[in-house]
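J.:
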Amino acid sequence: MPGPILARPAQLNLAAILTSQHPTIDLHLPAYEASTRNFSQAIADFNTRAIAEINQRREAHTAEVKRLAERVQNIEKETNQCKIEEIELIGVLEREREEAKEAESYVAGLRRQGAAQREAVAALDADIEQYRARVANLRNERELERRTLAMHISPTSADLRACERAWRCVIEGVGPEQLLIRYFFKDGEGSRYTREANFVLDVSSPSYKVLTSTPLLPTLPILLDQLNESQDVYYFIKCMRQAYMKLFS
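Each residue of the sequence shown is one higher than the one before, counting from -2 in my numbering.
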């Protein structure tokens, strides 16, 4: 901070000094010393501010140089990366050209295959027409066979219905050459409740088999042996009814 402002010394009156008994001149040394100190302090303050400004500018310059150096380094890195990417891009373009050539070759092969397949399809269409004609002939033959079979089945169906009435049962087909025979028994005279017994007979071979029986009959193996010896299915149905009746009684 600046020192106190000193009063300007009065003008020197040389005549008055010389006429005095003890002539002296007041040099105002305290004021001079104070002024000198203030001047020295001002110079020191200026020097301090100058050094601080210089240091501040030096630091700012150093920071700017460092920033520019980093920017240059980053630009060099980006440039190198761009060169690498350019090289890679050139490689990718070369590969794409090769792939395009291969794709064109593949498409040409597919076109040739398509032409060959169209020829094969035309041949298959001709074969299909032949197969359709054969299927139509087979259908006609099957229809004739069905009609012939219906003519032969009519008497058998009549016998089957007669057997159902005689032995009070229901006979149904449940699979290829498999018969389901069902019996119904009343618990007693006037009873509204009935019991059902049934079994499935496999007639696909001369050796008959009973696949299921509800309920199980202890005498089933004996009855089945008799059936395979006699080959009389209607009599076997009668015997099975009697065996179920005995089981329920």
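For each residue, glycine too, the CB sits at the ideal point set by N, CA and C.
Within 8 Å: the Cβ of valine 171 and any heavy atom of the ligand ATP?
T.: Ligands displayed in this structure: none; no statement on the ligand ATP is therefore possible.
J.: Can you find at least 3 beta carbon pairs, one from the segment 214 to 228 and one from the segment 237 to 244, that sit closer than 8 Å?
T.: yes
J.: Where DSSP assigns a beta bridge to arginine 179, which residues make up the other side?
T.: Val167 and Asn195
J.: DSSP beta-bridge partners for threonine 211?
T.: Asn195
J.: Considering tyrosine 205, what are the terminal residues of the alpha helix (DSSP H) in which it resides?
T.: Careful: tyrosine 205 lies outside any alpha helix (DSSP H) and carries neither H nor E.
J.: Check for me: the alpha helix (DSSP H) holding proline 218 runs from which residue to which?
T.: 217 to 227
J.: On the premise that leucine 208 lies in contact with glutamine 175, defined as a C-beta separation below 8 Å, what is that separation, rounded to the nearest angstrom?
T.: 7 Å
J.: With a threshold of 8 Å on Cβ separation, who are the neighbours of threonine 191 within its own chain once the five nearest residues in sequence on each side are excluded?
T.: Phe181, Phe182, Lys183 and Asp184
J.: Between the Cα of glutamine 228 and the Cα atoms of Lys206, Arg54, Ser210 and Arg165, which residue gives the shortest distance?
T.: Proximity to glutamine 228 across Lys206, Arg54, Ser210 and Arg165 peaks at Lys206, based on C-alpha coordinates.
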